[in-house]
Amino acid sequence: MGKAQKEKAAESSPQWRVREKESTLPSNNAPGGSASGAPPPASPVVPAAAAPKGPGAVWKSNGSFIPPGCDVEDGDDDAPVRNYEASVAKGFWVPPRLRGRNESLIEAVNDWHFAMLNDSHRNQFYWDAMEPFVKGKRVIDIGAGSGLLSLMAAKLGAESVLAIEASKDMVALAQLNITRNDQSDVIRIIHDMSSNVKLKEEEKADVIISETLGALMLGEGTLDYMADARKRLAKPGARVIPAGGAQFAMLIASPSLAQVSSVQSDCCKGFDLSAIGSLQDTGNIFFTKQWGFRLNLLPDLVEMSERIQFLEVDFQKSDRQHIPSTKTFRLTALKEGVIHAVVASWEVWSDEERTHKITTHPEDTRGAPWGFSRDMQWGQGLQLVEDFDLACKSERNTPPAPFEVAVSRLFQEQC
Numbered sequence: 001m002g003k004a005q006k007e008k009a010a011e012s013s014p015q016w017r018v019r020e021k022e023s024t025l026p027s028n029n030a031p032g033g034s035a036s037g038a039p040p041p042a043s044p045v046v047p048a049a050a051a052p053k054g055p056g057a058v059w060k061s062n063g064s065f066i067p068p069g070c071d072v073e074d075g076d077d078d079a080p081v082r083n084y085e086a087s088v089a090k091g092f093w094v095p096p097r098l099r100g101r102n103e104s105l106i107e108a109v110n111d112w113h114f115a116m117l118n119d120s121h122r123n124q125f126y127w128d129a130m131e132p133f134v135k136g137k138r139v140i141d142i143g144a145g146s147g148l149l150s151l152m153a154a155k156l157g158a159e160s161v162l163a164i165e166a167s168k169d170m171v172a173l174a175q176l177n178i179t180r181n182d183q184s185d186v187i188r189i190i191h192d193m194s195s196n197v198k199l200k201e202e203e204k205a206d207v208i209i210s211e212t213l214g215a216l217m218l219g220e221g222t223l224d225y226m227a228d229a230r231k232r233l234a235k236p237g238a239r240v241i242p243a244g245g246a247q248f249a250m251l252i253a254s255p256s257l258a259q260v261s262s263v264q265s266d267c268c269k270g271f272d273l274s275a276i277g278s279l280q281d282t283g284n285i286f287f288t289k290q291w292g293f294r295l296n297l298l299p300d301l302v303e304m305s306e307r308i309q310f311l312e313v314d315f316q317k318s319d320r321q322h323i324p325s326t327k328t329f330r331l332t333a334l335k336e337g338v339i340h341a342v343v344a345s346w347e348v349w350s351d352e353e354r355t356h357k358i359t360t361h362p363e364d365t366r367g368a369p370w371g372f373s374r375d376m377q378w379g380q381g382l383q384l385v386e387d388f389d390l391a392c393k394s395e396r397n398t399p400p401a402p403f404e405v406a407v408s409r410l411f412q413e414q415c
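Residues in the sequence shown are numbered consecutively from 1, following UniProt numbering.
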């Protein structure tokens, strides 16, 4: 990530601050309200540095998300494409099938794409969401990947499907999938970014489908790509699948989480190592997969607040300008203790009636046959918490002050 990209990351990353002071909440009709309401002046609530599901993806200096494996030349920010063999230690064997392939694509596919393809509940969601709407229609699939959603649309009777994919290797593999499933007459796949594609009026779509969701709902630029496709590649009133979604946050406590994210007083034979705690990162959002655990398997996790919805997006109408720059919520502590983190999860729905949904809420993946795949492709966002007011007064080498709450105590959360 270059300097411009890092600066973009810093200005657009979501961040939670927790404090024990009350404030006036914005209404849904005021700046800071629902993304389907009046648009306030805002920057995107999307973490540029941490947004991708896995390695290999970046944000360009103009704020656009570039998916892993992308080898479409798109301007001055383009990074050189590195072949897989360049990433393998000298002397190691390179399987012939991987030679010359895009290294970031292989990394991403092995990091989360296999898990995504095997999330049967996700796949069923898209099938059910498309079934009432695509028969006899022109469909565009943004970020087509393996071609699965395009194949579904064709199977459900779409007149034509234009699959758009930014990785040359993935386009070739998707074409094989399309041919092997006898859908070459219906599906046409092109190697490009959807933002570069131009269509004649008669080629424009009745339905836009895309699965460009991240560990944070908007973390892979889905809102920007959907909005652009609605304006340029689709007919007026075209249906978008998914139709909408919401991002949520909840405060939690977990001594097990604290064990891997802070210095504990009883850790080292009575020695005071608290100075190291001054390096604890409470400014960035991480993903549970990065830390190597499933949130729903923490043995001592306690929900310290209700889950709040802090952002709702209508993919049929919303664009970047509809996202509030900050929102403030007043919460009541459900339990007494120390709050260790904010957990971010989301849900998206198929249509205006929200007939079908998928979520990344940790309780929804626990015990489900597809749950492990869901947690390994998305998981949840996680930001460690300290007492914001005390942090503002602390010295450089002071460890974070724990944010302690009593039952029913009011406090505010800002994101």
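A virtual CB, placed ideally from N, CA and C, is assigned to each residue, including glycine.
Given a cut-off of 8 Å, decide if residue j and residue i are closer than it, judged by their beta-carbon atoms.
{"i": "V207", "j": "I241", "result": "yes"}
{"i": "G214", "j": "W349", "result": "no"}
{"i": "S261", "j": "Q290", "result": "no"}
{"i": "G157", "j": "V134", "result": "yes"}
{"i": "A249", "j": "W16", "result": "yes"}
{"i": "Q412", "j": "R294", "result": "no"}
{"i": "L149", "j": "I189", "result": "no"}
{"i": "V161", "j": "V197", "result": "no"}
{"i": "V407", "j": "E336", "result": "yes"}
{"i": "F65", "j": "E220", "result": "yes"}
{"i": "V81", "j": "L223", "result": "no"}
{"i": "G381", "j": "I285", "result": "yes"}
{"i": "P399", "j": "V263", "result": "yes"}
Would you grab the beta carbon distance between residue i and residue j for me? Rounded to a whole angstrom, and I think it's under 8 Å.
{"i": "S146", "j": "A166", "result": "That pair is no contact at about 14 Å."}
{"i": "A344", "j": "V405", "result": "A344 to V405, Cβ: 20 Å. No contact."}
{"i": "M170", "j": "G69", "result": "6 Å"}
{"i": "F403", "j": "I339", "result": "5 Å"}
{"i": "A154", "j": "I187", "result": "5 Å"}
{"i": "A108", "j": "H356", "result": "About 27 Å; that fails the 8 Å criterion."}
{"i": "D351", "j": "A243", "result": "5 Å"}
{"i": "A258", "j": "A234", "result": "Their Cβ separation, rounded to whole angstroms, is 48 Å, which puts A258 and A234 out of contact at 8 Å."}
For residue i, collect the residues of the same chain with a Cβ closer than 6 Å to its Cβ; drop the 5 residues on either side in sequence, then sort them by chain order.
{"i": "P52", "result": "Because P52 sits at a pLDDT of 36, beneath the cut-off of 50, its placement in the model cannot be relied upon, and the following sentence gives the value as read from the coordinates. No residues qualify anywhere along the chain."}
{"i": "N181", "result": "L151"}
{"i": "E395", "result": "none"}
{"i": "Q309", "result": "A246, F248"}
{"i": "I106", "result": "Y84"}
{"i": "H191", "result": "K168, V171"}
{"i": "D319", "result": "A227"}
{"i": "R409", "result": "A333"}
{"i": "G371", "result": "T365"}
{"i": "M217", "result": "G245, Q247, W346"}
Would you give the residue range spanned by the alpha helix (DSSP H) that residue i belongs to?
{"i": "V171", "result": "168 to 180"}
{"i": "Q321", "result": "Here Q321 belongs to no alpha helix (DSSP H), and DSSP marks it neither H nor E."}
{"i": "S120", "result": "120 to 130"}
{"i": "K289", "result": "288 to 291"}
{"i": "E363", "result": "362 to 365"}
{"i": "Q377", "result": "371 to 377"}
{"i": "I114", "result": "The sequence as given places Phe at residue 114; Ile does not occur at that position. First-last of the alpha helix (DSSP H) with F114: 114 to 117."}
{"i": "A154", "result": "148 to 155"}
Starting from the C-beta of residue i, find all residues in its chain whose C-beta is less than 8 Å away, skip the five residues before and the five after it, and write them out in chain order.
{"i": "K3", "result": "For K3, the predicted model reports a pLDDT of 37, less than 50, meaning its position is unreliable and no value from the coordinates is stated."}
{"i": "A368", "result": "H121, R374"}
List the endpoints of the continuous beta strand (DSSP E) containing residue i.
{"i": "D141", "result": "138 to 142"}
{"i": "H191", "result": "187 to 191"}
{"i": "L105", "result": "First-last for L105: 103 to 108, but that is the alpha helix (DSSP H), not the beta strand (DSSP E)."}
{"i": "G244", "result": "244 to 253"}
{"i": "K357", "result": "357 to 359"}
{"i": "A234", "result": "234 to 241"}
{"i": "D266", "result": "D266 -> no beta strand (DSSP E), and no H or E assigned at all."}
{"i": "R330", "result": "328 to 332"}
So, is the C-beta of residue i closer than 8 Å to a C-beta in chain C?
{"i": "Q309", "result": "The structure shown contains no chain C, having only a single protein chain."}
Ordered along the chain, which non-local residues of its own chain (more than five positions away) have a Cβ less than 7 Å from that of residue i?
{"i": "N397", "result": "A275, S278"}
{"i": "L390", "result": "A401"}
{"i": "residue 416", "result": "There is simply no residue 416 to check, as the chain begins at 1 and stops at 415 in what is shown."}
Subject >> Cβ contact (3+ pairs, closer than 8 Å) linking the region 344 to 364 and the region 98 to 118 >> reply: No, they do not touch.
Subject >> Inter-stretch contact (C-beta, 8 Å, three-pair minimum) for the region 117 to 130 and the region 366 to 378 >> reply: Contact holds: three or more Cβ-Cβ distances are below 8 Å.
Subject >> Segment contact, 8 Å Cβ cut-off, at least three pairs: the region 250 to 259 with the region 295 to 302 >> reply: Touching, yes, given that three or more Cβ pairs across the two stretches are closer than 8 Å.
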